[in-house]
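**Q**
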Amino acid sequence: MNNLNPCESVQEKLSAYLDNELTQQEQQRMHVHIKNCPECTALLSELTALQSDVKGTLLEGIESMDSRSLQAIMQDKPARWLSAFGWGLLIIGALLLGGFFVWQFTTELLADNSVPWWVRFGILGFYCGLFLLFLGVLRQRLVARKTDKYKKVNI
Amino acid sequence: MQTTENPYLQWYPGALALARNLLGCHASAEDVLQTSISKTLGSSALPIDEAAQRVWFFKVVRNGCFDYLRDQKRFNADADIEEAVGFSDTPDLVDASQRQQWVRAALLTLSSEQREIIVLRDVNDLSYADIAHILQLNSGTVMSRLHRARMALRQALLMLEKSHPVSTQATSATSSPGGTHE
Ligand SMILES: [Zn+2]
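Going line by line, the protein sequences match chains A and B.
When the first sequence is numbered by my numbering, its final residue is 357 and no position is left out of the sequence of numbers.
When the second sequence is numbered by my numbering, its final residue is 193 and no position is left out of the sequence of numbers.
1. Compute the Euclidean distance between the alpha carbons of L335 of chain A and F328 of chain A, then round it to the nearest angstrom.
2. Determine the chain B residues that contact V212 of chain A at a beta-carbon separation under 8 Å, and present them in chain order.
3. Using 8 Å for Cβ pairs, my map puts L249 of chain A next to L216 of chain A. What's the rounded Cβ distance?
4. Helix or strand or just coil, what does DSSP make of P102 of chain B?
5. How close, in whole Å, do the beta carbons of I128 of chain B and A160 of chain B come, if the pair is a contact with beta carbons under 8 Å?
6. Using a beta-carbon distance below 8 Å, is K237 of chain A in contact with chain B?
7. Please determine whether the Cβ atom of H235 of chain A lies at a distance below 7 Å from any heavy atom of ligand 1.
8. Return the CA-CA distance between S165 of chain A and L312 of chain A, expressed in angstroms with no decimal places.
9. Whose CA, out of B:Q45, B:E172, B:Y139, lies closest to the CA of L220 of chain A?
10. Give the straight-line distance between the Cα atoms of L121 of chain B and L340 of chain A, rounded to the nearest whole angstrom.
11. By the DSSP assignment, the alpha helix (DSSP H) with A251 of chain A in it spans what residues?
12. Does any C-beta atom of chain A lie closer than 8 Å to the C-beta of Q166 of chain B?
13. At a Cβ cut of 7 Å, what residues of the region 124-136 of chain B count as close to chain A, listed as they run along the chain?
14. Inspect the beta-carbon positions of R110 of chain B and D255 of chain A and report whether they are closer than 8 Å.
15. Using the three-state DSSP reduction, which class does N32 of chain B fall into: helix, strand or coil?
16. Nearest to Q112 of chain B by alpha carbon, out of A:L299, A:G258, A:I325?
17. What do you get for W319 of chain A, buried or exposed, if any count of 16 or more other CB atoms within 10 angstroms of its CB means buried?
18. On the DSSP letters alone, give me the boundaries of the alpha helix (DSSP H) that L164 of chain B sits inside.
19. With a threshold of 16 other CB atoms inside 10 Å of the CB of N135 of chain B, please say whether the residue is buried or exposed.
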C-alpha cells in the first residue's frame, strides 16, 4: 500500500515524462520508478499509443485536402487584388459622378433667381448635411474595421 | 509543400486539425486557415525566427476560430459543435479504422479546452513553452491540463471499448477476407 503514493506522484507527471518536458533529474527519477513498476509502465505505454492514435486520427484525410486548399490560397491572392482594384475604380467613378452632379446642381440652384436666396441656401445646407452624415458613418465603419483587423492579428 | 516559399504552409495540416477541433466544421476550419495564411502574406510585422513564427501562426489560427465562433454566436453551444464535429461532416470516415472512429468519438466527450491542448501537443508537437505562449498559461498549468485531458481521453476510450466489445472483430474480419491484415 505504501507503493501507492510514489505511483500517484509519478503518474501525475507521466505526460510530461512522455513529452520529455521534465528536467533531466526528474526524468531520470521517473525512469527508475517506471522501470520497476508494471502499473506505471502500462499507463505510460497506453498514453504513448494514445498520442500516436490521436495524431493519426486527426491528420487523417487532411493531406489531400491540403494541396487543394493551398492551390485555392495561391489563386486567392490575385483574386483579392483584382477585387480591391475593382472596388477602387468603383469608388473613384462614384466620387467623380457624384461630384459632377453636385456641381451641376449647386451652380444651377445658385443661379436660379426665381427662388428666394434663403430657400436656395436651405436646400444646399440640407444636402451638405446629408453628405457629412454619410461621411461620418463611413468613417466610423472604416475605423471599426481597421481596429478589428488589428485585434485579430495581435492578440 | 516545398514548392511554395511561405514558411507558414508547413504548419497547415496541424493547424487545420486544430481549427476543425475548435470549430467542428471542416469548411469553416478551412476558411479560418485561409484567412490566417493570407495574413502571413500581407502583414509586415511578422516574427523572424521560425519558432516565433509558429507560435504566432497558431495564435492567429486560434483567434480566427474564436472570432468565427463569436460571429456565429455559438460560443457556449458546445453541444451544437460536437454534433457537427461528429460523423455527418466527415466524408472520409468510412475509410477510418474502428480505432480511429473511437478516438474521434472519445475526443468529442472532452471539453474544447481539453481537445485544443491535446491537438496542440500530440498533432503539432509543440513544446509546453510554446503551448503556454499560445494559450497564455504558465507551463505548470499546461502540464497538468494536458495530463488531465489525456487521462480523460483514455477514460472515454475505455468506456467506448467496453460498450462495443465485439464490433472491432466483426468489422475487421469482414473488411479483409483475404486475411492479410495486421
Ligand atoms: Zn508506479
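Glycine included, C-beta positions come from ideal geometry on N, C-alpha and C.
Everything numeric in this text was worked out from a predicted model, so none of it was measured.
**A** Taking the structure as given:
1. Near 11 Å, if we compare the C-alpha coordinates of F328 of chain A and L335 of chain A.
2. Within chain B, no C-beta atom comes less than 8 Å from the C-beta of V212 of chain A; the nearest is roughly 12 Å away.
3. A Cβ-Cβ distance of about 6 Å is found for the pair L249 of chain A and L216 of chain A, placing them in contact under the 8 Å criterion.
4. Note that P102 of chain B has pLDDT 45, beneath the 50 cutoff, so the model's placement of it is unreliable and the number below is only indicative. In the three-state reduction of the DSSP assignment, P102 of chain B falls in the helix class, which pools H, G and I.
5. Contact between I128 of chain B and A160 of chain B holds, with the beta-carbon distance rounding to 5 Å and staying under 8 Å.
6. No, because no Cβ of chain B sits closer than 8 Å to the Cβ of K237 of chain A.
7. H235 of chain A: yes, Cβ under 7 Å from ligand 1.
8. Here chain A covers residues 203 to 357 and nothing more, so residue 165 of chain A does not appear.
9. Considering only alpha carbons, the answer is B:Y139.
10. Separation of L121 of chain B and L340 of chain A (C-alpha to C-alpha, rounded to the nearest whole angstrom) is 44 Å.
11. DSSP places A251 of chain A inside the alpha helix (DSSP H), whose first and last residues are 240-261.
12. It does not; no Cβ of chain A falls within 8 Å.
13. For the region 124-136 of chain B, which is checked against every Cβ of chain A, the residues closer than 7 Å are I129, V130, R132, D133, V134.
14. In contact: R110 of chain B and D255 of chain A (Cβ atoms closer than 8 Å).
15. The three-state reading of DSSP puts N32 of chain B in helix, counting H, G and I together.
16. Comparing Cα positions, the closest option is A:G258.
17. Exposed is the call here.
18. Per DSSP, the continuous alpha helix (DSSP H) segment holding L164 of chain B begins and ends at 150-174.
19. Answer is buried; the Cβ neighbour count reaches 16.
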